[in-house]
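Everything below concerns the one structure shown next.
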Amino acid sequence: MGRKRTVKMGGGADNIIMKIVETVADLKKLRDKMPGPVGFVPTMGYLHQGHLVLVRQARAENASVAVSIFVNPTQFGPKEDFRQYPRDPERDLALLEGEGTDVVFMPPVEEIYPPGFSKWVEVGRLSRRLEGASRPGHFRGVATVVARLFDLVRPDRAYFGQKDAQQLLVIKKMVADLALGLEIVAVPTVREADGLAMSSRNTYLNPEEREQALVLYQALTLAQRLYSDGEKDAAAIRQKMTALIQKQPLADIDYVSIADAETLEELAEVKPPALVSMAVRIGKTRLIDNIVVG
Ligand code: AMP
């Protein structure tokens, strides 16, 4: 059933066996043998430290850890980067092995979306704001694949990054609405030493773009500073953030938002907890980042 990899953990005599499965049938067989609680980390692969922090937390809190690697076509728009999205499964597997992962599920597209697949999960209002407004259908794809993965993996806990704050809210809402009965654990954003949020898409950036990409974090830091200094007018903060971002010649703003951190409704007056978030294109690469001010 699937592939197995063995790694000897430093110093100790323990042999940890990580199982790699590619089909729903194999996953189901394996799942029945996994000791609970089961922690699950869904990813699109091309793993970095941001992903690995989720895996580490899942490892610390559960008897078994499952990770999925699946570049989900239905969450990409027709003009988006599904085809170019970076992939390096062998490197991902080595990293996951190092974190003591028990099971890696890396299905081909037809395993998740068999021919004639027609069961979609749509999360209402929350899905239509911010990322949802810029990327129509994105959260329908996200909610559908995550629901499908939850159904297969049957985790007790699933781990999601605050880096994708709206995704986290959409998944929490889906879990509540469908009474899926698992815990969604939010993990803080992991950043590079200079503040850039880690992302698989950072690999698209050339050196000049990488430098200018730092403006996202600088704008978030500016928002936090203005708020801490007493500025409560959201429009004023947004305007200063926008001006800062526009100083970078390669930056093109998609949105800059200051919204209620639960409903995602735009705020006129900043009241904590407020989600300050943005999507900015640096050259051709669309990056997102956020902080919660309060
Ligand atoms: P992705 O592979 O981009 O779909 O991400 C898989 C999971 O890792 C999602 O829950 C993301 O929010 C999370 N993640 C991605 N980047 C980071 C980061 N820099 N810090 C924390 N979590 C992250």
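So for the sequence shown, numbering that gives the first Met the number 0 puts the first residue at 0; every next one is plus one. No residue lacks a Cβ here, since even glycine has one placed at the ideal position from N, Cα and C.
Between the alpha carbons of Y112 and I281 lies a gap of roughly 33 Å.
Contact annotation: V64 and D101 have beta-carbon atoms nearer than 8 Å.
Every unbroken stretch of the alpha helix (DSSP H) spanning 4 or more residues and falling wholly within the region 97–143 is given here in chain order: 108–111 and 129–133. At a threshold of 7 Å, K172 does not count as near the ligand AMP, since its beta carbon sits no closer than that to any of the ligand's heavy atoms. Here the alpha carbons of V214 and A235 stand approximately 18 Å from one another. The straight-line gap separating the alpha-carbon atoms of T73 and R147 is approximately 13 Å. When rounded, the separation of the alpha-carbon atoms in E261 and I287 is 18 Å. L51 has its alpha-carbon roughly 27 Å from the corresponding atom of G293.
Of the heavy atoms belonging to the ligand AMP, none sits nearer than 7 Å to the Cβ of S67. A distance below 8 Å separates the beta carbons of V103 and L92. In terms of Cβ geometry, G44 and I68 form a close pair [threshold 8 Å].
Annotation for Y84: V70 place their beta carbon closer than 6 Å to its own, counting only its chain and skipping 5 residues before and after. Residue burial annotation: R237 is buried, with at least 16 other C-beta atoms found within 10 angstroms of its C-beta.
When DSSP reads this structure, G160 sits in a beta bridge with V186. Under the three-state reduction of DSSP output, E268 falls in the strand class.
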